[in-house]
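209 is the number that the UniProt record's numbering gives to position 209 of the sequence shown; each next residue is one higher, with no gaps.
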Amino acid sequence: MLTKVKVLSLNLWGLVFVSKHRRDRVDALAEQLAFRETDFDYVFLQEVWSESDYRKICEATKLVLPYTHYFYSGVTGSGVCILSKWPIIDIFAYKYSLNGYAHKFYHGDWFGGKVVGMAKVQHRDMIANLYVTHLHAEYDRLQDIYLYHRVSQAFEFSQFVSHTSLGSCDYAIIAGDFNTQPMDLPYQVILYNSRLRDSFEEKEHYFGESSIGATCGHPANSFTNKADLKTNPNGQRIDYIMYSNGTDRVSVNCEKYASPVWKTQSGFTVSDHEPVVAVLRIVKRLDVDSNMDFCSDPMVFVNFLNDDRYNLRITCLENSVRLMDKTLATLRTSRMFFIGIACLLAVLLIASTPIDLYVEHSTYLILLHMLRVALTLGIGFCLLMGFFWNSMERSSIISSKQAMDSLLNFLHAQSSAAEKRQKGQETTGNFTDIEQTTTTTTDEI
1 MLTKVKVLSL NLWGLVFVSK HRRDRVDALA EQLAFRETDF DYVFLQEVWS ESDYRKICEA
61 TKLVLPYTHY FYSGVTGSGV CILSKWPIID IFAYKYSLNG YAHKFYHGDW FGGKVVGMAK
121 VQHRDMIANL YVTHLHAEYD RLQDIYLYHR VSQAFEFSQF VSHTSLGSCD YAIIAGDFNT
181 QPMDLPYQVI LYNSRLRDSF EEKEHYFGES SIGATCGHPA NSFTNKADLK TNPNGQRIDY
241 IMYSNGTDRV SVNCEKYASP VWKTQSGFTV SDHEPVVAVL RIVKRLDVDS NMDFCSDPMV
301 FVNFLNDDRY NLRITCLENS VRLMDKTLAT LRTSRMFFIG IACLLAVLLI ASTPIDLYVE
361 HSTYLILLHM LRVALTLGIG FCLLMGFFWN SMERSSIISS KQAMDSLLNF LHAQSSAAEK
421 RQKGQETTGN FTDIEQTTTT TTDEI
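In structure tokens:
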């Protein structure tokens, strides 16, 4: 049985009071999605920060995408939601253990409470798992202080997808703004650790202006910063639609991949990101036992081990472990730094106590009290960062690292066992050839 699904993913850039022409862009997007000609089965949106914007989109698309869910999280909401043509029968969300820093309020990632949202959908006689997420932003590629946050999120994301999709659905679609390029470690962890396929890389037909499939910083986008084009003249591909089969009776392929240009009536693009559209071809074989294990046949596992993707999975996990080790060392240094600064500020605060005896002017007294308040706040901040926040980060990093180590130990053990099994079968084959040769010689005699 063959069926096709049409999927859209878009980072809407819906920051209230910050994003330019937000209302016009939301109206334009809602109008595009409401067209029956677009005929989307699933829509994945990110950065929908306003509840009124979400309701407006849902109201406009209720006839073509009647089933919707917004994943609430954090202070401002996660910003991610799913719209579906097919009934949503179950919902679950997982919040990442690392989500940026609260004191870096100008970045805002911590307040959003980054999550991976999952919706289980009844698609005719099949079950589909839909996953949407928005990983932590990069901000500065040369001095990326959030890299280990994104790697940790990518690992948790890949583990969540792997554990909830394999064997529990017919096919899975994963989409969102991953804030990582194809050559980056977080992308590799997501792709290889959860055995996904990137629709752009697997596409049979491509409809788009960018040869690299740029989704952010596109030269033709209305909101692209011209300064960014100096370092990335062709833009970046950081928004993705990925997929996998949940059972061996289903195969999934990307038939078409496109990046349509949608604009408002005033001529602005609907977002600072480009929409990503994929048409997936799903074939369900009814003559295969749905309960069959993926690796029930030893030779199937041997062939899987010979696949480059298996080795790439091990490599990206090993690189992730090295990054986590480096991060733990950095956190130890950071902890001592904050404690040292807190002690220094405490000494200054204590030293300021006798100054009251020598200052009579009220203005100087006010300034002195303000200085003491600032010193007290500084001490509190440093102690908070050095003990509470540092410990929280350390625990999250250790948790991810231990999970990676356990998985790597298993993968290495399975690889060694499969290689021994393969060598044993080759040896058995050689003995069989010798016996056949001996038998032939005896018959001739």
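Just so you know, even glycine gets a beta-carbon here, dropped at the ideal spot from N, CA and C.
Treat the numbers as computed from the prediction; the structure is a model and nothing was measured.
Quick check: the Cα distance between residue i and residue j, rounded to an integer number of angstroms?
| i | j | result |
| --- | --- | --- |
| glutamate 138 | glycine 77 | 20 Å |
| arginine 322 | aspartate 90 | 37 Å |
| threonine 376 | leucine 367 | 14 Å |
| arginine 249 | leucine 384 | 53 Å |
| alanine 28 | cysteine 58 | 13 Å |
| asparagine 234 | histidine 69 | 34 Å |
| lysine 420 | leucine 407 | 20 Å |
| tryptophan 49 | arginine 55 | 11 Å |
| histidine 21 | leucine 12 | 11 Å |
| cysteine 169 | serine 210 | 34 Å |
| leucine 14 | glutamate 47 | It should be pointed out that residue 14 corresponds to glycine in this sequence rather than to leucine. Those two C-alpha atoms are separated by around 5 Å. |
| phenylalanine 178 | valine 283 | 28 Å |
| glycine 217 | glycine 208 | 15 Å |
| glycine 167 | valine 277 | 26 Å |
| proline 298 | glycine 386 | Interpretation of proline 298 is limited by its pLDDT of 38, a score under 50 that renders its predicted location unreliable; the figure taken from the coordinates is listed afterwards. Taking the straight line from one Cα to the other gives about 50 Å. |
| glutamine 236 | glycine 100 | 22 Å |
| valine 18 | tyrosine 106 | 12 Å |
| phenylalanine 294 | glutamate 274 | With a pLDDT of only 45 at phenylalanine 294, under 50, the local geometry of the prediction cannot be trusted, and no value is derived from it. |
| isoleucine 350 | leucine 229 | 52 Å |
| asparagine 116 | lysine 4 | The question names asparagine, but residue 116 in the sequence shown is valine. Roughly 25 Å between the two C-alpha positions. |
| phenylalanine 301 | glutamine 32 | Since pLDDT at phenylalanine 301 reaches only 42, below the 50 mark, its modelled position is unreliable, and no value is offered. |
| lysine 62 | isoleucine 212 | 34 Å |
| cysteine 316 | alanine 175 | 21 Å |
| methionine 292 | valine 279 | Because the pLDDT at methionine 292 is just 43, under 50, the model does not fix this residue reliably, and the value given afterwards should be weighed accordingly. Spanning the two alpha carbons is a distance of roughly 28 Å. |
| methionine 404 | threonine 133 | 21 Å |
| aspartate 318 | arginine 124 | The amino acid at residue 318 is misidentified as aspartate; the sequence shows glutamate. Answer to the nearest angstrom: the Cα atoms are 41 Å apart. |
| arginine 313 | alanine 413 | 14 Å |
| leucine 147 | isoleucine 238 | 15 Å |
| serine 352 | histidine 163 | 58 Å |
| aspartate 140 | glycine 108 | 15 Å |
Take residue i as the anchor and find which of the options has the nearest alpha-carbon.
| i | options | result |
| --- | --- | --- |
| arginine 150 | Gln181, Arg237, Asn232 | Gln181 |
| residue 448 | Ile173, Tyr310, Cys216, Phe71 | With the chain represented from 1 up to 445, any question about residue 448 goes unanswered, as that position is not in the structure. |
| serine 36 | Asp140, Val18, Ala60 | The sequence shown places arginine at residue 36, rather than the serine named in the question. Nearest option by C-alpha distance: Ala60. |
| leucine 98 | Ser416, Asn390, Ser244 | Asn390 |
| leucine 65 | Phe71, Lys6, Lys104 | Lys6 |
| glycine 113 | Tyr146, Phe71, Asp125 | Phe71 |
| alanine 128 | Lys226, Leu411, Ser165, Leu344 | Ser165 |
| aspartate 308 | Pro354, Phe155, Leu191 | Leu191 |
| residue 467 | Leu2, Gln143, Ile88 | Here the chain comprises residues numbered 1 to 445, so residue 467 is not present and cannot be evaluated. |
| threonine 269 | His369, His136, Thr224 | Thr224 |
| valine 373 | Asp140, Pro354, Leu345 | Leu345 |
| alanine 93 | Tyr171, Glu156, Lys326 | Glu156 |
| methionine 336 | His103, Trp86, Leu312, Cys382 | Cys382 |
| alanine 220 | His205, Ala102, Ser271 | Ser271 |
| methionine 324 | Leu8, Gln402, Phe410, Tyr206 | Gln402 |
| glycine 246 | Lys104, Arg25, Lys120 | Lys120 |
| serine 9 | Lys326, Pro260, Cys343 | Pro260 |
Under a three-way DSSP split, which group does residue i fall into?
| i | result |
| --- | --- |
| tyrosine 187 | helix |
| aspartate 90 | strand |
| glutamine 265 | coil |
| methionine 242 | strand |
| valine 321 | helix |
| methionine 336 | helix |
| valine 277 | strand |
| isoleucine 350 | helix |
| arginine 237 | coil |
| residue 449 | The first residue shown for the chain is 1 and the last is 445, placing residue 449 beyond what the model contains. |
| tyrosine 146 | coil |
| tyrosine 192 | helix |
| asparagine 232 | coil |
| aspartate 140 | coil |
| alanine 102 | coil |
| histidine 412 | helix |
| lysine 56 | helix |
| threonine 330 | helix |
| tyrosine 310 | helix |
| glutamate 255 | strand |
| isoleucine 127 | strand |
| arginine 421 | helix |
| phenylalanine 207 | strand |
| valine 161 | helix |
| threonine 247 | coil |
> Is it true that the region 248 to 256 meets the region 191 to 210, where meeting means three or more beta-carbon pairs spaced less than 8 Å apart?
Replying inline: By the Cβ rule, the region 248 to 256 counts as touching the region 191 to 210, because three or more pairs are nearer than 8 Å.
> Counting Cβ pairs, one atom from each stretch, are 3 or more of them under 8 Å apart for the region 30 to 47 and the region 68 to 83?
Replying inline: yes
> Between the region 258 to 265 and the region 181 to 191, are three or more C-beta pairs nearer than 8 Å?
Replying inline: no
>> Just to confirm the assignment: which complete beta strand (DSSP E) runs, minimum length 3, are found wholly within the region 370 to 408?
In response: none
> Can we say the region 329 to 339 touches the region 387 to 403, given the rule of at least three CB pairs closer than 8 Å?
Replying inline: yes
> What are the uninterrupted segments assigned as alpha helix (DSSP H) that are 4 or more residues long and contained completely in the region 1 to 48, given in chain order?
Replying inline: 22 to 34
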